[in-house]
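As C-alpha cells, the structure follows; a few thoughts come after it.
Number of protein chains: 2
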Amino acid sequence: MSASPPDRESALASDSKLELKMWLRLLTCTTLIEREVRRRLRQRFDTTIARFDLLSQLDRAPRGLTMGELSSRLMVTNGNVTGLTDALVEEGLVSRSTEPADRRSLRIKLTAAGKRFFDSMTPVHEQWVDALMSGLTRAEMAHLLELLGKLKQSLAAAGATR
Amino acid sequence: MSASPPDRESALASDSKLELKMWLRLLTCTTLIEREVRRRLRQRFDTTIARFDLLSQLDRAPRGLTMGELSSRLMVTNGNVTGLTDALVEEGLVSRSTEPADRRSLRIKLTAAGKRFFDSMTPVHEQWVDALMSGLTRAEMAHLLELLGKLKQSLAAAGATR
DNA sequence: GTAATTTACTTTAGGCCTAAACTATTTCCC
DNA sequence: GGGAAATAGTTTAGGCCTAAAGTAAATTAC
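Read top to bottom, the protein sequences are chains A and B.
Numbering-wise, the first sequence is residues 2 to 163 according to my numbering.
Numbering-wise, the second sequence is residues 2 to 163 according to my numbering.
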C-alpha cells in the first residue's frame, strides 16, 4: 500500500459529517475519471469529453435532436450547446438543419463522417472506463449503481433538478 | 413518481455495460450537486465553488500551504491555482508571502477577513449538502462512502492519479 | 386579428481549467 | 565550483461552462 497523493479529503476531520465526506469523495472520483478520459481522448482522437458526449447523444437518436433536447440531455446551458455544435459542424461531424414545422428549432444530426468517427471511438472509450473500474466486483458495481440511483433521486427531491 | 427530465443516461440500452452506466450516473450526481451548490454560493455569498474549495483547504492548514500543495490538494494544475490565488488576494481573503528557505516557493494563508468569510459560509454550505443527501439513510450513506472508496482505489490502481 | 407572453436559440462577458512553454531557483553530481 | 537536471511557480492560448440579455418565431389571450 503506497501513500496516496493528497486530495480534497486530506485533513478533513475524521468525525466530520458523512454527507460532506461523501460529496468530496464523489467529486474526487469524478475528477479522476474525467482527467484520465480527457487525456486519452485528446491523445488518441484529438477531441474532448464535451464533444464526445454530444456525439454520443446524437448516436442514440438516429432521427436527430434539437438544440434544446441536446442541452437537457447533456445537462448544460443552451449557449454551451451552441458553441459545441458550431465546432462539430466546423469539423464536419454534425449537421444543423432548420425544422420546417417550427422555424425556431434546429435539428442536429450525425453526418456519415460523424457516425464513423464516433463508432471508432466508442469501443475504445468503453474499454478505458471498464479498466478504470476493474477493481470493483460486479456485485459492488451493481450496488454502487443502485446507491447512486438513490442519491440521484434524493437530489431531485431536494430540488437540484430545476 | 413524476417523470424525470432526460439526462445523460437517457436512451442508454438497458443491457449496456455496468461500468459505463456507473460512470454516467456518477457524473450526473456530481453535476447536479455542483450546479446547486454553485447557484447558492453565488446568490448568497457572491463567490464560486473553486474559491470556496481553496479557502477550505487553507482553513484546514493554519500554517498555510504552498502553491504546489494547494494544486495537489485541489487536484488542479499549478496555473489554475495561480489565477485563483490572484483573485483571492485581490479580494483580501488570502495572503501570499515568499518562503525565506526556498525562494521559489510561496506560502498562502487565510487573512483574518478570509477566515471570517469562510467561517460564515461553512455551516450554511454544510446544511446545503446535508439537505441534498437527506434522501439516503445513514447506513446507505456509509455504504456509498465505502464503495466510492473502493472506486477511488481502483482508479489509483488503473493509473488515473498520475 | 393583434398584443403579450412564451419558447428556441444565440450572443456576450466572465470564471474555471488544461497543456505547453517559460522563468527563476535549488539540487545533484562531477 | 560549475554545469545539468529537477522543482516551484507563471504565462499563454484555447476549450468548457454559466448567467443574463437579446433575437426571432410561435402561442396565448383577449
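Using N, Cα and C, we set each Cβ at its ideal position, and we do this for glycine too.
Residues of its chain near residue i, where Cβ-Cβ distance is below 6 Å and the 5 sequence neighbours each way are ignored
| i | result |
| --- | --- |
| A/S98 | R108 |
| A/M122 | F46 |
| A/S96 | K110, T112 |
| B/D16 | Note that B/D16 has pLDDT 46, beneath the 50 cutoff, so the model's placement of it is unreliable and the number below is only indicative. Correct list: empty, nothing qualifies. |
| B/L137 | none |
| B/L25 | R9, E10 |
Limits of the alpha helix (DSSP H) - the one that residue i falls within
| i | result |
| --- | --- |
| A/R97 | Run containing A/R97: none in the alpha helix (DSSP H); it sits in the beta strand (DSSP E), 95 to 99. |
| A/R64 | Careful: A/R64 lies outside any alpha helix (DSSP H) and carries neither H nor E. |
| A/L57 | A quick correction: the sequence has Ser, not Leu, at residue 57 of chain A. Unbroken alpha helix (DSSP H) run through A/S57: 50 to 60. |
| A/L141 | Checking the displayed sequence, the identity of residue 141 of chain A turns out to be Glu instead of Leu. Element bounds for A/E141: 139 to 158. |
| A/K22 | 19 to 46 |
In DSSP terms, what residue i is bridged to
| i | result |
| --- | --- |
| A/L111 | A/V95 |
Inter-residue spacing [alpha-carbon to alpha-carbon] between residue i and residue j
| i | j | result |
| --- | --- | --- |
| B/R36 | A/S73 | 14 Å |
| A/T31 | B/K153 | 9 Å |
| A/L145 | B/L156 | 15 Å |
| B/K110 | B/D54 | 14 Å |
| A/G160 | B/E20 | 27 Å |
| B/L89 | B/A51 | 11 Å |
| A/K116 | B/D103 | 54 Å |
| B/K18 | B/N79 | 36 Å |
| A/T86 | A/R105 | 16 Å |
| A/T112 | B/E127 | 46 Å |
| A/R64 | A/L75 | 17 Å |
| A/G84 | B/A140 | 43 Å |
| A/V130 | B/K22 | 10 Å |
| B/D120 | B/P101 | 30 Å |
| A/T48 | A/P124 | 15 Å |
| A/D8 | B/T67 | 14 Å |
| A/G93 | A/L56 | 12 Å |
| B/F118 | B/Q58 | 14 Å |
| B/R39 | A/K151 | 22 Å |
| A/S3 | A/L27 | Caution applies to A/S3, whose pLDDT of 44 falls short of 50 and renders its modelled position unreliable; the value that the coordinates give is listed next. Roughly 22 Å between the two C-alpha positions. |
| A/T29 | B/V77 | 11 Å |
| A/A114 | A/N81 | 23 Å |
| B/D60 | B/R43 | 20 Å |
| B/A62 | A/S135 | 35 Å |
| A/L71 | A/E91 | 18 Å |
| B/A143 | B/A158 | 23 Å |
Cβ neighbours of residue i in the same chain (closer than 7 Å, five flanking residues each side left out)
| i | result |
| --- | --- |
| B/I34 | L133 |
| A/R41 | W129 |
8 Å Cβ shell around residue i - same chain, five flanking residues per side excluded
| i | result |
| --- | --- |
| B/L148 | none |
| B/G162 | Per the sequence presented here, residue 162 of chain B reads as Thr, with Gly not at that position. Cβ neighbours of B/T162 beyond the five flanking positions: L156. |
| A/G69 | N79, S106 |
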